[in-house]
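Chemist:
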Amino acid sequence: MRIKKALGQTNLSRRQHLKTTAKFLSFALLFTEVEIAWGAKILGVRIWPSEDYTRITLESDTPLPITQQILTNPDRLVVDVQGLELNPTLKDLVAKVKPNDPYVSQIRVGQFQPGIVRLVFDLKEPIKPQLFTLDPVAEYNYRMVFDLYPTTPPDPLMELVKSSARKESALAKSNEEVDLIAQFATKKEKEAAKTPAAPTAQAIPEMKQAPAPAKYQRLITIAIDPGHGGEDPGAIGSLGSREKHVVLSIAKRLKDKIENEAYMRPFLTRDGDYFVPLHVRVQKARRVEADLFVSIHADAFIQPHAKGASVFALSQMGASSTMARWMANKENASDLVGGINIKTQDRQVANLLLDMSTTAQIKDSLQVGNSVLKQIGGFAPLHKGKVEQASFAVLKAPDIPSILVETAFISNPQEEARLNDDGYQDRIAEAILKGIKDYFSKNPPVARRATT
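So the sequence shown is numbered by the working numbering: it starts at 31 and just counts up by one.
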């Protein structure tokens, strides 16, 4: 009896102990949840405006739960961020809005309720917002991203047609003149055939020296792709140079040079400091029906003594070298750093591009790549004397010859200084242009896109 009573008291003590432990664990769990919910710290706020979209980023040490609503008359986006108290970093967001932002006129920030901060984006026009969270990557912690897209996206092809209308008209007139010259020559040949006569000694060399007039049926469209941008700085040199700034400068120089060519027109996949996902860069080039895609980079390697410019083309059979594979993996990770909304990524399109990449595209890419590499090698050191190949996501347009130019290694202190030199940037741009012209002189464009 005493044993049973003792066992009963022991069981009671165990039950009380378990209850106490359970209460303690529940309290601890609740305390942890409260601490997570109310202890978030804002580490930085950034705004990246562009014609494509405006991106606002809140970086924090923990994920931030939010709710959103779109209001009209006037147009505005209201976002409530839970687990925050208003602080100076958040208030800085107000001053970061630029007057030339296409979609945001101002941002208002306030403490809506205890633990809830309200952000009100006053809009210049209706938008389609995409809100998503990015996990920590590279130097970033958690990021809450607000991508504000216009309800009617800009049409890059129409903008390109408008900007090149005068050049298109001049080219059409030139083609008409060539036609007239050809008709006149044909008429003369027919007349000569009716009344054959031996040409004079003076006429023979004149006939040989007369060059056939060049005729381009349409403008050649060159898509220029400055790598990285916005949240993705690309490689950073020891002097603090950011790849995204260097390559945009080189790309704009190349754009200006192409503008001066009577039969070519340039298109930039980005013209400012903002992020463009890799598959969107390819889609933009296809949308403007580009004849060539040139992606410009200034990458880094794990060894600071690595040096020299390189040109890459797509490979379906694996990388041509360990360096090429390393480069491709690094460049393909840009979407993770720059911040891509996985939920809205068109995976079907991405897979289609991969499946449709053909041997013909790669063959053409190697040809233009060799032309460009030869021109760069005329004044700058090369990392490899031939075009390398790897599975770069940005080179997977199935119907556009595509190359990636590594202008130099920004991780090499000497080459970093060179990349920041206006003269070097200009020579690199000039070399790329000469390589492009050499390629098209041997591979004139077909008439399949004459309607654009």
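Cβ coordinates follow ideal geometry from the N, Cα and C atoms, glycine included.
#1: Spatial neighbours of arginine 448 within its chain, please: CB distance less than 7 Å, with the 5 preceding and 5 following residues excluded, ordered by chain position.
#2: Going by Cα to Cα distance, which pick from Gln112, Thr84, Asp105 and Gly140 is closest to threonine 97?
#3: Helix, strand or coil: which one does DSSP assign to proline 443?
#4: For the beta strand (DSSP E) containing proline 256, name the first residue and the last one.
#5: Could you compute how far the alpha carbon of glycine 348 sits from the alpha carbon of methionine 294?
#6: Are the segment 292-306 and the segment 389-409 touching by the rule of at least three beta carbon pairs closer than 8 Å?
#7: Three or more C-beta pairs under 8 Å: does that hold for the segment 338-352 against the segment 272-286?
#8: I'd like to confirm the pairing. Which residues does DSSP put opposite glutamate 436 in its beta bridges?
#9: Could you give the first and the last residue of the continuous beta strand (DSSP E) run that contains tyrosine 469?
#10: Within its chain, find whatever has a CB closer than 8 Å to the CB of aspartate 303; leave out the 5 residues flanking it on each side and keep chain order.
#11: Skipping 5 residues on each side, what residues in its chain have a beta carbon closer than 7 Å to that of proline 180?
#12: For valine 424, name the three-state secondary structure that DSSP assigns.
#13: Per DSSP, what are the beta-bridge partners of threonine 87 in this structure?
#14: So what does DSSP say about valine 277, is it helix, strand or coil?
#15: Here's the rule: buried if 16 or more other CB atoms are within 10 angstroms of the residue's CB, otherwise exposed. What is valine 476?
#16: For the ligand ADP, I want to know if glycine 145 counts as a neighbour, meaning its beta carbon is within less than 7 Å of at least one of the ligand's heavy atoms.
#17: Hey, out of Ser271, Phe409 and Pro129, whose CA is closest to glycine 338's CA?
#18: Among the residues of its own chain, which have a CB less than 6 Å from the CB of aspartate 152, if the five just before and after it don't count?
#19: In whole angstroms, give me the CA-to-CA distance for proline 186 and lysine 71.
#20: Leaving out the 5 sequence neighbours to the left and right, which residues in its chain are closer than 6 Å to asparagine 362 when beta-carbon positions are compared?
#21: What separation, rounded to the nearest whole angstrom, lies between the Cα atoms of serine 268 and phenylalanine 331?
#22: Under 8 Å Cβ to Cβ from arginine 457, same chain only, skipping five residues before and after it: list those, please.
#23: Can you list, in chain order, the residues of its chain whose CB lies under 6 Å from that of glycine 465, leaving out five sequence neighbours each side?
#24: Does the separation of the CB atoms of phenylalanine 323 and alanine 459 fall below 8 Å?
#25: Anyone know if the C-beta pair for isoleucine 462 and leucine 284 falls short of 8 Å?
#26: Which residue marks the beginning of the beta strand (DSSP E) containing proline 296, and which one marks its end?
#27: Just verifying my parser: in three-state terms, what is the DSSP assignment at aspartate 105?
#28: So the candidates are Trp356, Ile288, Ser471 and Gln99; which of them puts its Cα closest to the Cα of leucine 178?
#29: Within this structure, are the beta carbons of glutamate 446 and serine 340 separated by less than 8 Å?
Modeler: On the basis of the data shown:
#1: Closer than 7 Å at Cβ, skipping near neighbours: Ala438 and Tyr454.
#2: Threonine 97 has its Cα closest to that of Gln112, out of Gln112, Thr84, Asp105 and Gly140.
#3: Note: proline 443 maps to helix in three-state DSSP.
#4: Per DSSP, proline 256 belongs to the beta strand (DSSP E) from 250-256.
#5: For glycine 348 and methionine 294, the gap between their C-alpha atoms comes out near 33 Å.
#6: Because the criterion of three Cβ pairs below 8 Å is not met, the segment 292-306 and the segment 389-409 do not touch.
#7: The segment 338-352 is not in contact with the segment 272-286.
#8: Looking at the DSSP output, glutamate 436 bridges to His327 and Ser340.
#9: Careful: tyrosine 469 lies outside any beta strand (DSSP E), inside the alpha helix (DSSP H) at 452-472.
#10: Same-chain partners within the cutoff: Trp78, Gly259, Gly260, Lys274, His275 and Leu278.
#11: Tyr133, Glu155 and Ile157, listed in sequence order.
#12: Three-state result, valine 424: helix.
#13: Note: threonine 87 sits in a beta bridge opposite Arg76 and Val175.
#14: Assigned with DSSP and collapsed to three states, valine 277 falls in helix.
#15: Classification of valine 476: exposed, given that the 10 Å Cβ count is below 16.
#16: Looking at this structure, you won't find the ligand ADP or any other ligand, since it has none at all.
#17: Checked all of Ser271, Phe409 and Pro129; the closest Cα to glycine 338 is Phe409.
#18: Hits under 6 Å: Arg106, Ser135 and Gln136.
#19: Looking at the two C-alpha atoms, the distance is approximately 40 Å.
#20: The answer, listed in chain order, is Ala423.
#21: Annotation: serine 268 to phenylalanine 331 spans about 12 Å, alpha carbon to alpha carbon.
#22: Answer for arginine 457: Phe409 and Ala410, listed in chain order.
#23: Hits under 6 Å: Ser401, Val402 and Gln405.
#24: No, the Cβ-Cβ distance between phenylalanine 323 and alanine 459 is not below 8 Å.
#25: Taking 8 Å as the Cβ cut-off, isoleucine 462 and leucine 284 qualify as a contacting pair.
#26: It spans 294-298 - the beta strand (DSSP E) in which proline 296 sits, taken as one unbroken run.
#27: When DSSP states are grouped into helix, strand and coil, aspartate 105 belongs to the coil group.
#28: Sorting Trp356, Ile288, Ser471 and Gln99 by C-alpha distance to the C-alpha of leucine 178 places Gln99 at the top.
#29: No. Outside cutoff.
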